[in-house]
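Single-structure report; data block below.
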Amino acid sequence: MTDGGTDGEARTDGGPPATVPPDDETPTWSERKERSQGLAQLTYQYFERSRREDEDLRAESTYVERDVLGFPAWPHETLRNLAITSFFIGIIVLVAAVLPVHFGSPANPGSTPSVILPDWYLYWSFGLLKLNPINPGLEVLGGNILLGNEFLGIIAHGIIFAAITLVPFLNKGSARRPVEQPFWSAVGVTGVVLSFTLAALAIQNFFPIGLDLLFTLTFLLPALGGIITYAVLKTMREGYMYDLNRRYYMLRPPK
Amino acid sequence: MSLKKQDEMDHNAWLKKQDLTAVETVFLTTLIWLDKRLRIVDYLELLETMYYRANLQMPKSHTEQYDLDNKFWYWYPLYSLGSLSIIAYLVAAITGALLGFYYSPSTAGAAAQGDPTAAYDSLVLIMTDVQFGFMLRSIHKWAAQFMTAAVFLHMLRVYFTGSYKEPREVNWVLGVVLIALTLFFGFSGYVLPWKQLSFWAAQIGVEMALATPIIGEWAAQLVFGGFTLGQATLVRMYILHVFVLPFVVTGLIALHVGIVWVQGIAEPH
Numbered sequence: 511m512t513d514g515g516t517d518g519e520a521r522t523d524g525g526p527p528a529t530v531p532p533d534d535e536t537p538t539w540s541e542r543k544e545r546s547q548g549l550a551q552l553t554y555q556y557f558e559r560s561r562r563e564d565e566d567l568r569a570e571s572t573y574v575e576r577d578v579l580g581f582p583a584w585p586h587e588t589l590r591n592l593a594i595t596s597f598f599i600g601i602i603v604l605v606a607a608v609l610p611v612h613f614g615s616p617a618n619p620g621s622t623p624s625v626i627l628p629d630w631y632l633y634w635s636f637g638l639l640k641l642n643p644i645n646p647g648l649e650v651l652g653g654n655i656l657l658g659n660e661f662l663g664i665i666a667h668g669i670i671f672a673a674i675t676l677v678p679f680l681n682k683g684s685a686r687r688p689v690e691q692p693f694w695s696a697v698g699v700t701g702v703v704l705s706f707t708l709a710a711l712a713i714q715n716f717f718p719i720g721l722d723l724l725f726t727l728t729f730l731l732p733a734l735g736g737i738i739t740y741a742v743l744k745t746m747r748e749g750y751m752y753d754l755n756r757r758y759y760m761l762r763p764p765k
Numbered sequence: 006m007s008l009k010k011q012d013e014m015d016h017n018a019w020l021k022k023q024d025l026t027a028v029e030t031v032f033l034t035t036l037i038w039l040d041k042r043l044r045i046v047d048y049l050e051l052l053e054t055m056y057y058r059a060n061l062q063m064p065k066s067h068t069e070q071y072d073l074d075n076k077f078w079y080w081y082p083l084y085s086l087g088s089l090s091i092i093a094y095l096v097a098a099i100t101g102a103l104l105g106f107y108y109s110p111s112t113a114g115a116a117a118q119g120d121p122t123a124a125y126d127s128l129v130l131i132m133t134d135v136q137f138g139f140m141l142r143s144i145h146k147w148a149a150q151f152m153t154a155a156v157f158l159h160m161l162r163v164y165f166t167g168s169y170k171e172p173r174e175v176n177w178v179l180g181v182v183l184i185a186l187t188l189f190f191g192f193s194g195y196v197l198p199w200k201q202l203s204f205w206a207a208q209i210g211v212e213m214a215l216a217t218p219i220i221g222e223w224a225a226q227l228v229f230g231g232f233t234l235g236q237a238t239l240v241r242m243y244i245l246h247v248f249v250l251p252f253v254v255t256g257l258i259a260l261h262v263g264i265v266w267v268q269g270i271a272e273p274h
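Those protein sequences? They're chains A and B, same order as listed. Remember, the working numbering sits 510 above the position in the first sequence when you count from 1. Remember, the working numbering sits 5 above the position in the second sequence when you count from 1.
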């Protein structure tokens with residue numbers, strides 16, 4: 511143990527780093543851990559557990575790590591990515607050249623245009639502002655609505671974003687392909703169709719059908735889409751399981 | 006002992022001894038010149054170490070582990086959608102920076118209601134006078150459309166392949182935030198030309214904000230700069246579009262991709 515420059519030789523670089531030798535007063539690392547309390551201790555305990563779990567899993571595993579395998583990053587992956595990127599940018603430039611953007615008249619706060627529309631990706635959101643027919647009236651208020659129609663639309667936005675956010679906390683399990691999870695796929699298709707029908711509701715002027723019918727279809731079609739998806743995927747899953755079972759019993763014939 | 010400065014390692018002599026091409030000579034000379042001043046070899050060494058730590062020992066990928074190499078899953082092309090949305094974002098960023106040279110976020114210049122404002126005029130300038138200005142604006146607009154479409158389709162792909170499941174819930178939530186920000190990016194860009202549709206889309210935005218109880222008026226003032234649309238609205242939308250959102254969205258995209266990197270791609274079964 512040296513604390514720098516005590517070996518008699520004159521040094522100009524400060525010598526090796528000086529370390530403070532541990533004395534009896536200095537707690538060892540294990541003592542520090544034992545002494546710690548509350549959250550710090552819990553954290554430490556959890557880390558120990560987690561490390562042990564990792565080690566156990568590694569010990570149990572028969573899996574051997576190998577050197578680089580599979581598709582090399584250079585040049586294969588890089589070239590593929592370059593090709594995809596240039597193709598995609600090419601499509602953007604081509605579309606921009608073939609379909610130049612529309613440019614309307616300047617803003618006039620004094621005259622409301624007959625058609626007010628956001629860009630296409632907000633049609634669904636605009637459609638949510640047109641839910642007046644399902645705004646609940648209250649008998650106590652003499653049939654008056656409790657919420658403003660626009661606030662109802664904002665609540666609908668909140669519900670949709672909350673529902674999307676909650677998906678991973680509701681759908682658990684290891685199923686990955688749509689056929690393995692007919693219900694959640696049906697929910698997804700319902701959502702997709704709903705976004706399209708809400709968009710149609712937003713641009714209602716362009717549809718030559720009655721507003722009531724359009725409003726009914728807005729909610730009927732998604733439900734229908736969901737039911738059909740569920741039925742189809744259930745049927746497909748039967749076939750899928752049949753195939754898997756057949757392969758299984760071919761490999762391991764029943765006794 | 007001479008006073009002449011000496012190299013401990015005579016790199017130049019070493020360089021001459023080698024039989025190098027012109028490119029190699031220039032490269033090595035530059036490298037040595039920079040290294041004498043900035044000691045970049047240390048950093049290169051660090052980079053090299055990091056590279057090998059990251060790449061030398063790759064775990065078997067899912068397809069290798071389960072011997073699925075011989076099967077092509079028809080969903081695989083959809084796994085590029087996230088990357089395509091980033092590419093479109095970059096194209097929009099570059100063209101947007103170029104458009105920013107000519108755009109002025111101002112409602113000045115309208116003598117009467119419905120006259121062209123400075124913002125509108127600057128777009129007319131871009132589209133009629135600037136070389137390739139019309140094309141530039143078209144590319145910017147279409148890149149934004151492609152990005153939004155790719156982001157939506159990316160979300161659908163993640164949903165229908167169940168890629169959001171444990172342990173990737175946090176990244177899904179982050180993705181929802183990114184989609185909301187992308188939509189707001191598009192909305193703020195839609196307002197900037199200050200044409201009829203821009204104005205009335207913003208008007209609907211203000212009305213939505215004002216319809217919200219408690220925080221509505223505060224939100225309308227924060228985002229739209231007041232309860233009626235005007236110069237303040239345009240400047241706020243402009244700053245959101247070219248300053249705030251680019252930083253926030255780029256940062257969140259980096260985080261999003263970083264988490265994918267750390268957790269690994271959720272490969273299909």
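Built from N, CA and C at the ideal position, the CB exists for glycine as well. In this text the structure is predicted, and so the values were computed from the model without any measurement.
Verify whether the separation of the beta carbon atoms of residue i and residue j is less than 9 Å.
| i | j | result |
| --- | --- | --- |
| Asn659/A | Asn645/A | yes |
| Val240/B | Pro110/B | yes |
| Gly620/A | Gln208/B | no |
| Leu186/B | His145/B | no |
| Ser635/A | Leu188/B | yes |
| Trp177/B | Thr700/A | no |
| Gly180/B | Ala149/B | no |
| His16/B | Ile37/B | yes |
| Ser730/A | Ile719/A | This sequence places Leu at residue 730/A; Ser is not what is there. Not closer than 9 Å, so no. |
| Ile602/A | Val96/B | yes |
| Ala685/A | Gly263/B | no |
| Phe706/A | Phe151/B | no |
| Pro623/A | Trp205/B | yes |
| Tyr633/A | Leu721/A | no |
| Ile713/A | Leu627/A | yes |
| Tyr55/B | Ile664/A | For the record, residue 55/B in the displayed sequence is Met; it is not Tyr. The answer is no: Cβ separation not under 9 Å. |
| Tyr94/B | Val254/B | yes |
| Ile594/A | Ser90/B | no |
| Tyr169/B | Pro643/A | no |
Would you mind working out which of the options sits nearest residue i, comparing C-alpha positions?
| i | options | result |
| --- | --- | --- |
| Pro172/B | Gly683/A, Gly735/A, Leu731/A, Arg559/A | Gly683/A |
| Tyr631/A | Trp223/B, Ala154/B, Gln268/B | Ala154/B |
| Ala216/B | Leu589/A, Pro628/A, Leu662/A, Tyr556/A | Leu662/A |
| Leu724/A | Leu711/A, Val742/A, Pro610/A, Leu589/A | Leu711/A |
| Ser193/B | Glu222/B, Trp147/B, Val175/B, Tyr243/B | Tyr243/B |
| Val625/A | Phe716/A, Arg747/A, Ala672/A | Phe716/A |
In this structure, what does DSSP give as the bridge partners for residue i?
| i | result |
| --- | --- |
| Pro616/A | Lys200/B |
Return the chain-ordered list of same chain residues with a C-beta closer than 7 Å to the C-beta of residue i, the five sequence neighbours on each side being excluded.
| i | result |
| --- | --- |
| Gln62/B | Because Gln62/B carries a pLDDT of 49, less than 50, the predicted location of this residue cannot be relied on, and the following value inherits that uncertainty. So the list is empty, once near-sequence residues are dropped. |
| Leu754/A | none |
| Met160/B | Gly180, Ile184 |
| Arg751/A | Sequence inspection shows Met at residue 751/A; the Arg mentioned does not correspond to that position. Nothing listed; no residue qualifies. |
| Arg568/A | none |
| Gly735/A | Val699, Thr700, Val703 |
To which residues of the same chain is residue i closer than 6 Å at the C-beta, ignoring the five residues directly before and after it?
| i | result |
| --- | --- |
| Lys200/B | none |
| Leu128/B | Pro198 |
| Arg114/B | According to the sequence displayed, residue 114/B carries Gly and not Arg. Counting only Cβ-Cβ distances below 6 Å, and skipping sequence neighbours, we find Thr122, Ala123. |
| Phe229/B | Val211, Thr238 |
| Tyr48/B | none |
| Gly231/B | Ala237 |
Within the same chain, show all residues whose beta-carbon is closer than 8 Å to that of residue i, passing over the 5 residues directly before and after it, in chain order.
| i | result |
| --- | --- |
| Phe693/A | Tyr740 |
| Ile131/B | Leu104, Tyr107, Tyr108, Gly138, Phe139, Leu141, Arg142 |
| Ser203/B | Tyr195, Val196, Leu197 |
| Arg839/A | With chain A covering only 511 through 765, there is no way to say anything about residue 839/A. |
Name, please, each residue of chain C whose Cβ falls closer than 7 Å to the Cβ of residue i.
| i | result |
| --- | --- |
| Gln691/A | No chain C is part of this structure, whose protein chains are labelled A and B. |
*Scan the region 582 to 605 of chain A for residues whose Cβ lies nearer than 7 Å to a Cβ of chain B and list them as they occur along the chain.*
Ile594, Thr595, Phe598, Ile599, Ile602, Val603, Val605
*Scan the region 133 to 148 of chain B for residues whose Cβ lies nearer than 7 Å to a Cβ of chain A and list them as they occur along the chain.*
Phe139, Met140, Arg142, Ser143, Ile144, Lys146, Trp147, Ala148
*Under 9 Å (Cβ pairs) to chain B, residues found in the region 623 to 644 of chain A*: Flagged, chain order: Pro623, Val625, Ile626, Leu627, Pro628, Asp629, Trp630, Tyr631, Leu632, Ser635, Phe636, Leu639.
*Short-range partners of chain B found in the region 559 to 572 of chain A, where Cβ spacing is below 9 Å*: none
*For the region 672 to 683 of chain A, which residues have a beta carbon sitting closer than 9 Å to at least one beta carbon of chain B?*
Ile674, Thr675, Val677, Pro678, Phe679, Asn681, Lys682, Gly683
*When you check each C-beta in the region 82 to 97 of chain B against every C-beta of chain A, which residues fall closer than 7 Å?*
Ser85, Leu89, Ile92, Ala93, Val96
*Interface residues of the region 709 to 734 of chain A facing chain B [CB-CB below 9 Å]*: none
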